[in-house]
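Single-structure report; data block below.
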Amino acid sequence: MDVPILHQQLTPVQIEAVEHFSGPMLVLAGPGSGKTRVVTHRVARLIEKGVKPWNILAITFTNKAAAEMSERLKTLTNSQNLWVSTFHRFCAHVLRQRAGVVGLQPNFTILDTADQKQAIRQVLSELDYDAAHYPPGKILAMISNAKNDMITAPMFVGQFEDSVADHFTAVVAKVYPAYQKYLLSSNAVDFDDLLLHVVHLFEEHDEIRSQYDDRYQYVLVDEYQDTNEAQYRIVRALSQNSRNLSVTGDPDQSIYGWRGAKIDNILKFEQDYQDTKIIKLEQNFRSSKLILAAADSLISHNRLRKAKELTTENAEGEPVELLHFPDSPVEADSIARHIRHTVESGERDWLDFAIFYRVNSISRQLELALGRHHVPYQVAAGVAFYQRAEVRDLLAYLDLVNNPQNRAAFVRVVNVPLRGIGKTSQSRLMNYAEDKGLTYIEAALQADEVPKMPKRAAASLKAFARMMENFSLADSGSVAQLIEDVVEKTGYTRPWSSSQNEQDMQRLANVEELISAARNHDTIFDADTSLEGFLETTSLVSDLDALEGDSEKGKVTLMTLHAAKGLEFPVVYIIGVEQNLLPHERSLREGNPREYEEERRLLFVGMTRAEERLYLTASSYRDLHGRSMPTIPSDFLSEIDLVQTDGTTLTSDFPETAYRPTSLASSDLSDEDVKAIRAALNRPDKPQLTTAAALLAGNNSAASLPFNFPIGSSVRHPRYGLGTVTAAGGFGHRRTVTVEFEEEDRSETFIVSKCPLQRIGNR
DNA sequence: TCGCGACTTCAGGTT
DNA sequence: GAAGTCGCGA
227 MDVPILHQQL TPVQIEAVEH FSGPMLVLAG PGSGKTRVVT HRVARLIEKG
277 VKPWNILAIT FTNKAAAEMS ERLKTLTNSQ NLWVSTFHRF CAHVLRQRAG
327 VVGLQPNFTI LDTADQKQAI RQVLSELDYD AAHYPPGKIL AMISNAKNDM
377 ITAPMFVGQF EDSVADHFTA VVAKVYPAYQ KYLLSSNAVD FDDLLLHVVH
427 LFEEHDEIRS QYDDRYQYVL VDEYQDTNEA QYRIVRALSQ NSRNLSVTGD
477 PDQSIYGWRG AKIDNILKFE QDYQDTKIIK LEQNFRSSKL ILAAADSLIS
527 HNRLRKAKEL TTENAEGEPV ELLHFPDSPV EADSIARHIR HTVESGERDW
577 LDFAIFYRVN SISRQLELAL GRHHVPYQVA AGVAFYQRAE VRDLLAYLDL
627 VNNPQNRAAF VRVVNVPLRG IGKTSQSRLM NYAEDKGLTY IEAALQADEV
677 PKMPKRAAAS LKAFARMMEN FSLADSGSVA QLIEDVVEKT GYTRPWSSSQ
727 NEQDMQRLAN VEELISAARN HDTIFDADTS LEGFLETTSL VSDLDALEGD
777 SEKGKVTLMT LHAAKGLEFP VVYIIGVEQN LLPHERSLRE GNPREYEEER
827 RLLFVGMTRA EERLYLTASS YRDLHGRSMP TIPSDFLSEI DLVQTDGTTL
877 TSDFPETAYR PTSLASSDLS DEDVKAIRAA LNRPDKPQLT TAAALLAGNN
927 SAASLPFNFP IGSSVRHPRY GLGTVTAAGG FGHRRTVTVE FEEEDRSETF
977 IVSKCPLQRI GNR
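Next up, the structure:
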């Protein structure tokens, strides 16, 4: 056969990996080494060589990575039958087919973190433990860790019940089995159970394992360095009959040890699978020489590591810079201004920029600053769209329709909107239901029989249960319609439907957004399973998946360092490179070298996302836990070759209209400038919340806010609501408007370029 | 039963 | 800064 066309853009080593046909293969791929390309091309080659698409299983960690690979494969192979999935999705799929074997029904519910906490609370109170004394989150973390290591409830009990373990662990030993019982009786699983159940399915029923093993002749796993024990065993179970397993990964990018990932899985791959072919991809196609060198000098300080050569033929580029700021508000403001001016100069587009940070909580100041400077941005994570109360409430209604056994969902919605069914009535009903072995809905239908149930509450419960019984996908016709029916019959949005209050309007918009997401889903999937499918999608989706790729000038992207893995941007800022933050204090506490080195890998991952420019920042004071705290620069900074700069020079003294190129070593920011920035920072204005919903709708572009507000025009302010412009003053970036708000006779003056005012209509 | 305000406690990353 | 708990009054 001739050299296939698709080899033309590949290096010899890459081709070697692509051409590998059968048997185990380990691809050790450094950052930016074209790993995804190798994987997709290999799949395309397999198909070319006659492998059926449905005999191939490609597994990634995030939905985003799965979608991306799926997309690339479609263009490469024209095959629709190729399944690229995340571990969790794959397991959900298998589990729906074999639910009965582990005691579930196929319509089981996948609980998210909030549901899980609720379930733990319920269990705690049944066991007469005070939730205040045993934080549900901590209990869950311990249970989750156990599950990641494949320690089941009985095993956990066996290990700890009678031992002299600490008190808390002993309590968990009581809660864990009760929690599992609760899940089973609710026909529900948590994230970890998805994996756990499948491992048991495969390990205890070899005929089932064998069936899936035969079905998936070729298994490919991405980011293998992040697999945990359960995932490891699933992969193993699928690679017994046919050993065509190929995994890709990079030990230097293992950053999920806290979630139970075992870096050993990739390190011992060659021992696990005899005759493994090993391919090393060390040439970087992404970053400039100086950026790669800086990242390399950092990671070479890890001792628990196999040395690796990172090379690139890219240009040398600019040095990595460390920007030092007096405090975090100035840091945020300077970055926002720098980005804005770089874009206005025509040098770059918004989408060229990404800002990474160690913890979500420090994104707030950045968001405020970007909003003030009308920089369009999107945030991965933050307060997830699907975590919002109104969205969760409605999804709980749908879930209850799909799975009437779901107790968490029942509890969530039984008194929302208020129906006069209080805590006491609820717990009477629950006791009754459990005594009689009924679902809560069934029990509610006979609320009259429940001991001590007040007449009024009983009537409400019966009405509620009858209403729930009348909801069905078949009657409504589509998921979107079903949501609309629920909203209407329950009167869910009534309290805020005609409100002018900003928060209420936001809620309403979120409900609309959910409906349109459902409509979207309706058009893609067949009607019969679509409710289940929709619910599965909503529970396995994250805000990361809502991120937009290239679209015109796009948006600046904000995310945690963890979320950044697998992505790349021309310009990257990594903020807060300070001791106790990066490395995080938890990794320093007990001098745990494994955790400490994971922090270093995390910074390494972040740095290697950058193509052309990389800025690291540190501030002398940082707002943390609600107050401004002095900081110490990160020890990691001493391990990197970089240029140090007073970060405030980034943006010092821009003229009002024209753009002045940023010379990093130019004049310093004067005290007055710092004061002016601070004054602006203390303004009571607040940019609009950016929700995943808004991102999806593509309408959060703060930059598109109108700049001129003629006297008499109607405007809206996120905090003060609707108002009318009564006066204007100043010019250029200092232009001000005075607005009279409808509420409370309030009148405020704003600097137009720094406030979140929105023009309404044409008047 | 519900809503409010005062209070405490907690704050790592993701499927 | 946010979220959950508690006690009070309507």
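Taken in order, the first sequence gives residues 227 to 989; the numbers are from our numbering.
Yeah, the Cβ is synthetic: ideal placement off N, Cα and C, and Gly gets one too.
All values reported here derive from a predicted model rather than from experimental measurement.
Rounded Cβ spacing between residue i and residue j (contact assumed at less than 8 Å)
| i | j | result |
| --- | --- | --- |
| L840 | V798 | 5 Å |
| N371 | G486 | 6 Å |
| I561 | I581 | 7 Å |
| G249 | D501 | 6 Å |
| V831 | L596 | So it is not a contact: roughly 23 Å between Cβ atoms. |
| V627 | F697 | 5 Å |
| S523 | D867 | 6 Å |
| Y442 | L283 | 4 Å |
| N307 | P279 | 4 Å |
| A673 | A659 | So it is not a contact: roughly 10 Å between Cβ atoms. |
| E557 | T843 | 6 Å |
| Y612 | T764 | 5 Å |
Residue burial classification, residue i (beta-carbon count within 10 angstroms, cutoff 16)
| i | result |
| --- | --- |
| R459 | buried |
| A351 | Note that residue 351 corresponds to Ser in the displayed sequence, not to Ala. Exposed. |
| L921 | Caution is warranted here: a pLDDT of 28 is assigned to L921, below 50, making its placement in the model unreliable, and no coordinate value can be reported. |
| P602 | buried |
| V425 | buried |
| L644 | exposed |
| S893 | Legend: pLDDT at S893 = 31, less than 50; position of this residue unreliable, value from coordinates given subsequently. Answer is exposed; the Cβ neighbour count stays below 16. |
| P677 | exposed |
| M381 | exposed |
| I750 | exposed |
| I858 | exposed |
| Q240 | buried |
| H851 | exposed |
| E837 | buried |
| R1008 | With the chain represented from 227 up to 989, any question about residue 1008 goes unanswered, as that position is not in the structure. |
| S571 | exposed |
| D661 | exposed |
Pair within 8 Å by beta-carbon distance, residue i and residue j
| i | j | result |
| --- | --- | --- |
| L208 | L740 | Any question about residue 208 goes unanswered here, given that the chain covers just 227 to 989. |
| E825 | S813 | yes |
| A345 | T303 | no |
| L421 | A456 | yes |
| R835 | L793 | yes |
| L236 | V473 | no |
| M785 | A520 | no |
| I336 | T312 | no |
| V349 | V415 | no |
| R584 | L787 | yes |
| F417 | H319 | no |
| D730 | W722 | yes |
| D440 | N467 | yes |
| N510 | P257 | yes |
| E616 | V737 | yes |
| A691 | L671 | yes |
| G543 | L410 | no |
| Y718 | L592 | no |
| L577 | G780 | yes |
| N413 | T453 | no |
| I504 | L254 | yes |
| V705 | F760 | yes |
Residue i: CB within 7 Å of a non-hydrogen atom of the ligand MN
| i | result |
| --- | --- |
| E242 | With respect to the ligand MN, the structure shown offers nothing to examine, as it has no ligands at all. |
### Uninterrupted alpha helix (DSSP H) stretches inside the region 323 to 371 (no shorter than 4 residues)
Annotation note: the region 323 to 371 contains the following uninterrupted alpha helix (DSSP H) runs of length 4 or greater, listed N- to C-terminal: 339 to 352.
### Length at least 4, wholly inside the region 446 to 475: the alpha helix (DSSP H) runs in chain order
455 to 463
### Task
Output the residue ranges of the alpha helix (DSSP H) runs that lie fully inside the region 571 to 622 and measure 4 residues or longer, sorted by chain position.
Runs of the alpha helix (DSSP H) inside the region 571 to 622: 589 to 598.
### Query
Quick check: the region 525 to 537 against the region 477 to 491, are there 3 or more CB pairs under 8 Å?
yes
#### Entry: Within the region 795 to 849, ranges of the beta strand (DSSP E) (whole runs, at least 3 residues)
795 to 800
### Task
Write down every uninterrupted run of the alpha helix (DSSP H) in the region 283 to 317 whose length is 4 residues or greater and which is fully enclosed by it, in chain order.
289 to 303
### Message
Please give me, in chain order, every unbroken run of the beta strand (DSSP E) with length at least 3 that falls completely inside the region 483 to 508.
### Response
503 to 507
### Query
Are three or more beta carbon pairs between the region 644 to 653 and the region 669 to 686 nearer than 8 Å?
yes
### Three-pair Cβ contact test at 8 Å for the region 537 to 552 versus the region 732 to 748
no
### Message
If we require 4 or more residues per run, which alpha helix (DSSP H) segments fall completely within the region 726 to 755?
### Response
728 to 750
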